[in-house]
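Number of protein chains: 2
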Amino acid sequence: MKQSFANEIFMTYAISKAMEGVKIGQTPFGACIVKDGKIISCEHNQVLMKIDITAHAEIMAIREACKVLGDVDLSGCTIYTTCEPCPMCFSACHWARIDKIVYGAEIKDAKKAGFNEIELSAKQMAKFSKKIKVVSCKGLLAKRCIKLFDIWNYNISPITY
Amino acid sequence: MKQSFANEIFMTYAISKAMEGVKIGQTPFGACIVKDGKIISCEHNQVLMKIDITAHAEIMAIREACKVLGDVDLSGCTIYTTCEPCPMCFSACHWARIDKIVYGAEIKDAKKAGFNEIELSAKQMAKFSKKIKVVSCKGLLAKRCIKLFDIWNYNISPITY
Numbered sequence: 001m002k003q004s005f006a007n008e009i010f011m012t013y014a015i016s017k018a019m020e021g022v023k024i025g026q027t028p029f030g031a032c033i034v035k036d037g038k039i040i041s042c043e044h045n046q047v048l049m050k051i052d053i054t055a056h057a058e059i060m061a062i063r064e065a066c067k068v069l070g071d072v073d074l075s076g077c078t079i080y081t082t083c084e085p086c087p088m089c090f091s092a093c094h095w096a097r098i099d100k101i102v103y104g105a106e107i108k109d110a111k112k113a114g115f116n117e118i119e120l121s122a123k124q125m126a127k128f129s130k131k132i133k134v135v136s137c138k139g140l141l142a143k144r145c146i147k148l149f150d151i152w153n154y155n156i157s158p159i160t161y
Numbered sequence: 162m163k164q165s166f167a168n169e170i171f172m173t174y175a176i177s178k179a180m181e182g183v184k185i186g187q188t189p190f191g192a193c194i195v196k197d198g199k200i201i202s203c204e205h206n207q208v209l210m211k212i213d214i215t216a217h218a219e220i221m222a223i224r225e226a227c228k229v230l231g232d233v234d235l236s237g238c239t240i241y242t243t244c245e246p247c248p249m250c251f252s253a254c255h256w257a258r259i260d261k262i263v264y265g266a267e268i269k270d271a272k273k274a275g276f277n278e279i280e281l282s283a284k285q286m287a288k289f290s291k292k293i294k295v296v297s298c299k300g301l302l303a304k305r306c307i308k309l310f311d312i313w314n315y316n317i318s319p320i321t322y
């Protein structure tokens with residue numbers, strides 16, 4: 001599958017999952033884990049609904065992928081996430097031996113939207129975990145991810161999205 | 162409560178919990194969260210038993226503390242952990258607004274024991290999260306934490322511990 005086509009398809013799933021979360025009062029983050037062109041897991045942030053500060057979208061997607069594959073080793077998987085992973089989520093990808101991280105919005109966008117981010121980018125973190133490839137989306141796909149913050153912050157109706 | 166006395170008491174709980182894990186085939190890490198002198202949660206690493214790569218001792222203790230307190234904000238809490246938290250666990254402490262991290266063994270000890278650590282120390286991480294105080298134990302207490310790796314790696318009987 002061509003990379004730009006895969007990005008478009010799987011990031012759209014992640015965005016759609018983030019929107020599901022927003023509609024039930026969760027923060028606007030979604031992540032989707034893919035292996036051999038198939039979606040293994042797709043989750044939104046569940047911190048508020050589960051009262052679990054660790055329940056970021058990427059963490060939930062990794063937990064679910066481990067369960068689905070029956071393995072803590074997610075080698076061969078790519079994670080598509082609407083926002084650049086924070087160091088917690090990046091490190092979870094490292095432990096899971098995920099091959100590649102593809103993200104939309106950046107940590108600075110999340111910070112601007114009010115999230116208490118540690119300002120350590122995924123690309124900085126990647127210097128300490130040499131095997132993970134980190135890819136940022138550009139253009140329209142990134143803009144759609146950034147727009148999730150506006151929808152969440154300004155309570156724009158999902159219907160207009 | 163005097164800090165050195167608190168370290169001794171609560172780290173002993175964390176070590177004992179790590180040993181519980183070792184006895185059932187888990188990796189040798191334990192963590193204990195304390196607020197106002199009371200233990201809120203105490204967990205060992207559960208990665209293998211839960212088939213969940215994110216189930217580090219600190220993450221499990223944070224999840225449980227959120228559940229016990231009914232809040233994702235763990236301000237006022239201290240986490241005692243047998244090993245210096247990896248960046249995933251450090252960042253979870255940041256998100257949870259934990260006041261202080263007290264640790265025994267160091268990341269380099271875990272790496273030496275065979276764990277696939279990202280070599281970013283808790284003190285390096287703390288530069289990006291200015292509110293968390295990071296304290297490393299020295300002397301006998303640190304040695305007892307490091308010994309957990311020997312017990313796990315060389316299958317030394319817990320009775321001799």
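If you read the protein sequences in the order shown, they are chains A and B.
Under my numbering, think of the first position of the first sequence as 1, with each following residue one higher.
Under my numbering, think of the first position of the second sequence as 162, with each following residue one higher.
The beta carbon of each residue, even a glycine, is placed where N, CA and C say it ideally should be.
Cβ of residue i within 8 angstroms of any chain B Cβ
i, result
"F10 of chain A", "no"
"V22 of chain A", "no"
"V47 of chain A", "yes"
"T160 of chain A", "Any reading at T160 of chain A must be qualified, since the residue scores a pLDDT of 44, below 50, and its modelled position is unreliable; no value is offered."
Under 7 angstroms by beta carbon: chain B residues contacting residue i
i, result
"D43 of chain A", "According to the sequence as given, residue 43 of chain A is Glu; it is not Asp. By Cβ distance, chain B contributes nothing, its closest Cβ being about 12 angstroms from E43 of chain A, past 7 angstroms."
Neighbour flag for residue i against chain A, beta carbons, 8 angstroms
i, result
"D232 of chain B", "yes"
"T243 of chain B", "no"
"P248 of chain B", "yes"
"W313 of chain B", "no"
Start-to-end residues for the beta strand (DSSP E) that takes in residue i
i, result
"H255 of chain B", "No beta strand (DSSP E) holds H255 of chain B; the alpha helix (DSSP H) holding it covers P248 to A257."
"A179 of chain B", "Segment Q164 to K184 is the alpha helix (DSSP H) holding A179 of chain B; no beta strand (DSSP E) there."
"A287 of chain B", "Careful: A287 of chain B lies outside any beta strand (DSSP E), inside the alpha helix (DSSP H) at A283 to A287."
"C145 of chain A", "From DSSP, C145 of chain A is part of no beta strand (DSSP E) but of the alpha helix (DSSP H) over G139 to Y154."
"I33 of chain A", "G30 to K35"
"T78 of chain A", "C77 to C83"
"V135 of chain A", "K133 to S136"
Cross-chain neighbours of residue i in chain A, by beta carbon under 8 angstroms
i, result
"I279 of chain B", "S91, H94, M125, F128 and S129"
"I220 of chain B", "T54"
Proximal residues of chain B, C-beta to C-beta of residue i below 8 angstroms
i, result
"I51 of chain A", "C227, K228, G231, D232 and V233"
"R144 of chain A", "Result: empty, since nearest Cβ-Cβ is about 25 angstroms, beyond 8 angstroms."
Closer than 7 angstroms at the beta carbon, the chain A residues around residue i
i, result
"I223 of chain B", "I53 and T54"
Residue span of the alpha helix (DSSP H) that contains residue i, given as start and end
i, result
"A105 of chain A", "Element bounds for A105 of chain A: not the alpha helix (DSSP H) but the beta strand (DSSP E), K100 to A105."
"E219 of chain B", "A218 to L230"
"K199 of chain B", "That residue, K199 of chain B, is in no alpha helix (DSSP H); its beta strand (DSSP E) goes K199 to H205."
"V208 of chain B", "V208 to K211"
- Query: At a cut of 8 angstroms, does the stretch 226-242 of chain B reach the stretch 79-86 of chain A through at least three beta carbon pairs?
  - Reply: no
- So does the stretch 267-280 of chain B actually touch the stretch 246-255 of chain B, counting three or more Cβ pairs closer than 8 angstroms? yes
- Query: Three or more C-beta pairs closer than 8 angstroms, one from the stretch 174-181 of chain B and one from the stretch 140-150 of chain A: is that the case here?
  - Reply: no
- Message: Within 8 angstroms, do at least three Cβ pairs link the stretch 186-204 of chain B to the stretch 214-222 of chain B?
- Response: yes
- Should the stretch 96-113 of chain A be called in touch with the stretch 294-302 of chain B, which here means at least 3 C-beta pairs below 8 angstroms? no
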